[in-house]
Structure formats: C-alpha cells, structure tokens
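A short write-up of the structure that comes next.
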Amino acid sequence: MPIGIMINALSVLLGGIFGALGGKKMSANFKDGLNMAFGVCSMTMGIYAIAPMKNMAAVIFAIIIGTGFGLLIHLGDWINRGAAQMQKFISRFINAPTGLDRQTFDATLVTVIVLFCASGTGIYGSLTEGMNGDATILISKSILDFFTAAIFAANLGFVVSLIAIPQFVIFIALFFAAHLIYPLTTPSMIFDFKAAGGVLMLATGFRMVQLKMFPTADMIPAMIVIMPLSWLWTTIILPML
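Okay, so the sequence shown: first residue is 1 according to the UniProt record's numbering, each after it adds one.
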C-alpha cells in the first residue's frame, strides 16, 4: 500500500489550503528562513541515503552518464513544457489572485508543478517505496512539502492544492513500475540506487538554498542507469580487478 505517496499528496493538499487561508501573515523573512531549513533537511536526507553505498564508482558513473543524457535530450525543458501544459489546464478554472499579474502567476505555477511532480526526491521515494515498502523518504519529504506548499499558496492561492492530484498519479505510476523492477535487483543494487537518489537530494538542497542551481531535472536519468551499472560493476568489472 503506497502510504508514503498518499501522505505526500495529502501534505501538498493541506499545505496549499493552509497557505491560502493564512499565508498572507507570513513575512518574507520567515519564508526565506524556512526555505533555508528545507534545503538543509534535503541535504541531510541525501547524506543519509548515500552512506550505505556499496559501489562508489558505479554511482559516480551513473550520475555522470545520467546527467549527460538528460542534458543531451533537454529533459529539464521537456518537464517544464509538460508542466506548462498542466498549468494551462489548471488556469482555465483558477484566476490569478488579486495583486498578481497573469504572467507571474503562470510562471510561478509552472515552477511549483515541476517542484512537486518531477522532483528527484519524489521520484526516488516513490520507486523506493514500490520496491521495498520503505515510505520514510516520502514521509520526510511530506513535511517539507507541506510548508513549501503553504508558502507558495500564500501568493498563488488554493490552486497549489490541486497539484496534489497530478503528483499522486505520477508517483503511483512509478510505485507500480517499481514492483516489476524489484525482483530483478540485488541488495547491492538497492543500496547504490539509494545512493544515487541521495545525490539528487543533495543537489536539490543546494538549489533550495540557492547556493548552486544544479540541473536536478536533467539528473533524473541517473536513477534509471544506476541499477544496470551497479550490476555490471559487481558482476563483471570487480572480478577482473
């Protein structure tokens, strides 16, 4: 049962409602301070996931190859385009809040859709829960998402809550896809997969504190290539060394 996914979607829904109702009382300094705390939490989750790594070389190769492939096919741009189409559909039913022009509203909404629906942490957490039932990553992410949704909803209104619907659909699809992958894995592959996800969470943390804008969307393919590379390194390359 996808407990973590349901909690994550619910956190976005409730966070959006909370922010729309009381977010106007949040000061800019308060929002900035929380964002910094979110970034540190994301980095902490990343370090925790990287620690049990079994094959560092495989993880490094996966990050480099996956990111290179993502940049080559402009995956981040494709994700932004998909979010823009989603935004156009949502905007048919929701007007921009008073005091916010339509262009700013649309641009910010696209950013929020990408943040909640295509984050490396969300994808990694959904696949992990699908493979071994571990919901801790998504539950930890839910705490961050609740307050993040509240902060964005303070400016965008109740529309932020609606993003919980496509987020849930995307994460559920990943959850069931992971059921097909798990029987083909080994414990070392799982640890290396978690480490690759931890690198994405570290990169996300750096983005959140605006220290370095890593191309996290383009890094997502690393989550696909890490398991084959981990198997290749353990089964073929290491015995030759």
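Backbone N, C-alpha and C fix where the C-beta goes; we use that ideal spot for every residue, glycine too. In this text the structure is predicted, and so the values were computed from the model without any measurement.
- Message: Measuring straight from C-alpha to C-alpha, what distance separates Leu120 and Pro215?
- Response: Here residue 120 turns out to be Gly, not Leu, going by the sequence shown. Spanning the two alpha carbons is a distance of roughly 11 Å.
- Is the region 218–231 touching the region 193–205 in the sense that three or more CB pairs, one from each, lie closer than 8 Å? yes
- Item | Cβ-based neighbour list, Leu238, same chain, cut-off 6 Å, excluding 5 preceding and 5 following | none
- Message: Quick check: Ile73 and Ile113, are their CB atoms within less than 8 Å of each other?
- Response: no
- Task: With a threshold of 16 other CB atoms inside 10 Å of the CB of Thr136, please say whether the residue is buried or exposed.
- Result: exposed
- Task: Give the straight-line distance between the Cα atoms of Tyr48 and Ala28, rounded to the nearest whole angstrom.
- Result: 31 Å
- Item | 7 Å Cβ shell around Gly123 - same chain, five flanking residues per side excluded | The sequence given here has Ile at residue 123, not Gly. The residues are Leu174, Ile220, Met223.
- Using alpha carbons as the reference points, say which of Leu202, Gly33, Leu109, Phe152 lies closest to Ala51. Leu202
- Output the residue ranges of the alpha helix (DSSP H) runs that lie fully inside the region 104–161 and measure 4 residues or longer, sorted by chain position. 120–132, 136–156
- Query: How many whole angstroms separate the CB atoms of Thr148 and Phe38, which I take to be in contact at a CB cut-off of 8 Å?
  - Reply: 6 Å
- Determine the direct distance from the alpha carbon of Met240 to that of Ile5, and round the result to whole angstroms. 41 Å
- Continuous alpha helix (DSSP H) assignments of at least 4 residues falling wholly in the region 159–204: 159–162, 164–181
- Message: According to DSSP, is Ser42 part of a helix, a strand, or is it coil?
- Response: helix
- For Val209, name the three-state secondary structure that DSSP assigns. coil
- Query: If you draw a straight line from the alpha carbon of Val59 to that of Gly66, how long is it in whole angstroms?
  - Reply: 10 Å
- Item | Outcome for Leu184 when other beta-carbon atoms lying within 10 angstroms are tallied against a minimum of 16 | With fewer than 16 Cβ atoms within 10 Å of its Cβ, Leu184 is classed as exposed.
- Message: Once the 5 residues before and after Glu129 are set aside, which same chain residues still bring their CB inside 7 Å of it?
- Response: Pro2, Gly4, Ile5, Ala135, Leu138, Phe175
- Message: The alpha helix (DSSP H) that contains Leu232, what's its start and end?
- Response: Run containing Leu232: 222–232, per the alpha helix (DSSP H) assignment.
- Secondary structure at Asp32, three-state DSSP: helix, strand or coil? helix
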